[in-house]
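S.K.: 454 is the number that my numbering gives the last residue of the sequence shown; the numbers go up by one with no jumps. We treat Cβ as the ideally placed atom computed from N, Cα and C, and that holds for glycine.
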Amino acid sequence: MTLKILYRKGLMKIAHCSIGVKIESFFKGSAQILNEETGRKYRSDMRTRLAVSNVVSVTELDDNNHFKSSLNSEDKIKIRFFHCSESTFSVIQTVCESFRNDERFDLLIVLFGNSPYGMIKQMQDLKFKYVEDYNYDLSKDCPDISVLYHLEIIYPPQLAQIREFSKYVALVPLGIGSIWFGDRTVKRMNLQRYNADMCCVGNLCYNRLIDAIGRDKIERISPAQFDLVYRKFNSPVFYPKGWEKLKGKKTIMLMTDHGIRMHGVSDEVTFDLYFKTIMDYCKRHQDMGFIFRLHPSLIHELVGTFWSIKDYEIFVDFCKNSPNIVWDTTSDYLIGLHIADACMVDVNCSLIYFVLAANKPIGIPLRYDMDVEVNNPELVEKYYKLNSDEKVVEFFEMVRSSEDPKQSDRQQLFDKYIETFDGKNGYRIYNIMINRYMKLSLSPFNSTKYRK
C-alpha cells in the first residue's frame, strides 16, 4: 500500500467527520513562501527591527525579569539555559529554580525559536530572568556553565561555538534522556557533538546510552519533569475557564505525536486513523469528558495540507461549544492530565513515560495499516494497546466503567523505572552539576577559549 493511498485513507477519515464542512481545501497564504534558510534570515531581521531593546533601555526592564545590566557581574557563576519551546520547559524548570535559589549563581534563560512570545510570557509568569537570542552574544558572555536540553532541533549558529565559549557544558536531554528512541535517533542527535562535560539520563535508557555519551560523563537520574507531575498531583484539581463542563464526568485526555505530512505519514502518529471513531463516541456519550491536546507540530502539519484554516477554526469552535470536549492549548499538559481519569498517548511519544507517574489507565493507539516500530515495548505491553477502532471504543468503555485491570502492571513499571518521585529531581541535577563543575574549576578549564 503506497503512502499516497494511506494518506487518502487518513484524509477520508478526517473529511467524513460530520463536525461542520467537509475538509477539501488547502491553506493558501498570501505571505511570501520562504525556504528554511531565507525563513531564518527573515525572522532574525524582523526581530531586530522590532526589538523592544532598541527603543527601551534594558536596565529599565529589570523589574520584569529581562536581561539585567548586571549580567557580567564577576562575583557570580554565570549559568545559561538555552530554551526553545514553551511546551518543553518542564525538562529544566525545577533545575532552573534550584539555581535561581542559589545566590552564588547568575541565572539567565536564553530564548530562541520561531515563536518566542509564549516563552516570554512563561518566563515572566515563572519570574525567570531571560533574554532573546538576537539580543545575546555567546562570545561576549562566555558562560561558566551552559545547559542544553533540546538536542534534535537546529540551534542558532552561535551555539555551534558553545564549547569554545563555555567553561562547562551540560546536557539535560528532552526525550532521549527519558525513554529510548532507537539507534537511528541517537545517531542523528550525535550526543558527542557538543563535547559536553556531563549528560543526565533516566533509568529507562541509561545502559543503552553509556557508549553514546561516555561512562565518565553520563549521570543516571530520574528526569526533572517528574517534579512537576509530583507538584500537580499533590495540589487541588484546577479547572481552567471553559473546562467546568468536565466536572462529574469520566474524562479521557488525548495527547498526540506528530508526523502527518503531505509526502508521507509516520508510524508514530495515529490521529488520522481514529479521529472519526473518537469524535463519533464523544457525540454519542456526552456523559463522558474528552480533552484534546494535539502536538503543536501536528496542528501545523494539518493546517495547510488536509485542513484549511477554516476547517481548523470550525473544529476548535465545535470543541469549545460541545458539552463534553475541551480543546487544550494551555502551556501545561499536566492541567488536563490531573483532571482526566485516563489518557491516550501515541506509541513513541516521550509522554508515555511521564504519564506513568499519574497512576491512571494509559491507552496506546497503534497504526493498523503499516508496521510499527515500538521503541519501548516493555512500557507498551503493560499499557492498553489500541490497534483498531473497536479497541479504542473498548478502552473508552473500560474507563467509563471505572475498570483498570493493568494497574498492578503499571505499578511494577513505576517501581522499576522511576527511581525518585518526590519533587526533588531538579535539585539533585543541580547538585550533580555544581559538584562536577567545582571539580573541573580546580583544574584548567575544559574550553578552547580558556586553553589559550
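For Thr331 and Phe292, which I take to be in contact (beta-carbon distance under 8 Å), what is that distance rounded to the nearest angstrom?
M.R.: With a Cβ gap of about 15 Å, Thr331 and Phe292 do not count as contacting.
S.K.: Counting only runs of 4+ residues fully inside the region 381-449, write out the alpha helix (DSSP H) ranges in chain order.
M.R.: Those alpha helix (DSSP H) runs which fall completely within the region 381-449 and span 4+ residues are 391-402, 409-419, 427-443.
S.K.: Report the three-state DSSP secondary structure of Val271 (helix, strand or coil).
M.R.: It is coil, neither helix nor strand.
S.K.: Taking only runs that begin and end inside the region 254-328, name each unbroken alpha helix (DSSP H) of 4 or more residues, in chain order.
M.R.: You should have 273-286, 298-304, 311-323.
S.K.: Who are the Cβ neighbours of Arg106 in its own chain at under 8 Å, not counting the five residues just before and after it?
M.R.: These residues qualify, in order along the chain: Lys78, Ile79.
S.K.: Whose C-alpha, out of Leu230, Ile436, Ile262, is nearest the C-alpha of Glu299?
M.R.: The question names Glu, but residue 299 is Ser in the sequence shown. Cα-wise, what sits closest to Ser299 is Ile262.
S.K.: Go ahead and label Arg286 buried or exposed: buried means 16 or more other beta carbons lie within 10 angstroms of its beta carbon, across all protein chains shown.
M.R.: Result: exposed.
S.K.: Can you tell me the Cα-Cα spacing of Phe320 and Glu270, whole angstroms?
M.R.: Roughly 27 Å between the two C-alpha positions.
S.K.: Starting from Cys202, follow the beta strand (DSSP E) in both directions and report where the run begins and ends.
M.R.: Note, Cys202: beta strand (DSSP E), 200-203.
S.K.: Applying the criterion that 16 or more other CB atoms from any shown protein chain within 10 Å of the CB defines a buried residue, is His302 buried or exposed?
M.R.: His302 is exposed by the Cβ-count criterion.
S.K.: Check whether the region 381-399 and the region 193-205 touch, using three or more Cβ-Cβ pairs below 8 Å as the test.
M.R.: At 8 Å Cβ cutoff, the stretches do not touch.
S.K.: Mark Phe397 as exposed unless 16 or more other C-beta atoms lie within 10 angstroms of its C-beta, in which case mark it buried.
M.R.: Buried, because 16 or more other Cβ atoms sit within 10 Å of the Cβ of Phe397.
S.K.: Excluding five sequence neighbours on each side, which residues of the same chain lie with their C-beta closer than 8 Å to the C-beta of Val239?
M.R.: Cβ within range, chain order: His340, Ile341.
S.K.: So the candidates are Lys251, Leu256, Tyr335; which of them puts its Cα closest to the Cα of Ser403?
M.R.: For the residues Lys251, Leu256, Tyr335, the minimum Cα distance to Ser403 belongs to Lys251.
S.K.: Go ahead and pull the three-state DSSP assignment for Leu173.
M.R.: Note: Leu173 maps to strand in three-state DSSP.
S.K.: If you measure between the beta carbons of Arg295 and Met255, is that distance less than 8 Å?
M.R.: Yes, they are a contact pair.
S.K.: Helix, strand or coil for Ala162 per DSSP?
M.R.: Three-state DSSP puts Ala162 in a helix.
S.K.: Going by DSSP, which residues form a beta bridge with Glu221?
M.R.: DSSP, once it has assigned bridges, lists Cys202 as partnering Glu221.
S.K.: Are the beta-carbon atoms of Ile94 and Tyr151 separated by less than 8 Å?
M.R.: Yes, these two residues count as a Cβ contact at 8 Å.
S.K.: Exposed or buried, what is Ile311 when buried is set at 16 or more other beta-carbons lying within 10 Å of its beta-carbon?
M.R.: With fewer than 16 other Cβ atoms within 10 Å, it is exposed.
S.K.: Can you look up Arg210 in the DSSP assignment and give me helix, strand or coil?
M.R.: In this structure, Arg210 counts as helix in the three-state DSSP scheme.
S.K.: Determine the DSSP secondary structure at His340, reduced to helix, strand or coil.
M.R.: Reduced to three states, the DSSP call for His340 is helix.
S.K.: State yes or no: is the C-beta of Ser97 within less than 8 Å of the C-beta of Val171?
M.R.: A small correction: the amino acid at residue 97 is Val; Ser does not occupy that position in the sequence shown. Cβ distance not < 8 Å, so Val97 and Val171 don't count as in contact.
S.K.: Between the region 353-361 and the region 263-282, do three or more beta carbon pairs fall short of 8 Å?
M.R.: Touching, no, given that fewer than three Cβ pairs across the two stretches are closer than 8 Å.
S.K.: Indicate the three-state DSSP secondary structure (helix, strand or coil) for Gly244 in the structure shown.
M.R.: In the structure shown, Gly244 sits in coil (DSSP, three-state: anything other than H, G, I, E or B).
S.K.: So does the region 194-201 actually touch the region 222-229, counting three or more Cβ pairs closer than 8 Å?
M.R.: Verdict: no, contact absent.
S.K.: Pick out whichever of Pro325, Gln414, Leu248, Phe228 has its Cα sitting closest to the Cα of Ile431.
M.R.: The shortest C-alpha separation from Ile431 is found at Phe228.
S.K.: Who are the near neighbours of Tyr385 in its chain, counting only those whose CB is closer than 6 Å to its CB and skipping five residues on each side?
M.R.: These residues qualify, in order along the chain: Ile364, Ile366.
S.K.: Rounding to the nearest angstrom, what Cα-Cα distance links Ile81 and Leu110 in this structure?
M.R.: Ile81 and Leu110: Cα-Cα distance of roughly 7 Å.
S.K.: Assign Tyr196 to one of three DSSP states: helix, strand, or coil.
M.R.: Residue state, collapsed to three classes: coil.
S.K.: With H, G and I counted as helix, E and B as strand and the rest as coil, what does DSSP make of Leu355?
M.R.: It is Tyr, not Leu, that sits at residue 355 in the sequence shown. Of the three classes helix, strand and coil, the one that applies to Tyr355 here is helix, per DSSP.
S.K.: Measuring alpha carbon to alpha carbon, tell me which residue in Asp127, Ala162, Ser352, Lys123 is nearest His260.
M.R.: Ranking the options by Cα distance to His260, first place goes to Ser352.
S.K.: Of all the options Leu161, Phe423, Ser324, Val112, which has the alpha carbon lying nearest to the alpha carbon of Arg233?
M.R.: The residue with the shortest Cα to Cα distance from Arg233 is Phe423.
S.K.: Rounded C-beta distance between Thr258 and His297? I'm assuming under 8 Å.
M.R.: Confirmed, about 5 Å.
S.K.: Under a Cβ-count criterion, where at least 16 other Cβ atoms within 10 Å of its own Cβ denotes burial, should Glu88 be classed as buried or exposed?
M.R.: Buried, because 16 or more other Cβ atoms sit within 10 Å of the Cβ of Glu88.
S.K.: What does a CB cutoff of less than 8 Å around Ile434 pick up in its chain, not counting 5 residues either side in sequence?
M.R.: Excluding residues within five positions, the ones whose Cβ falls inside 8 Å are Met200, Cys202, Glu221, Ile223.
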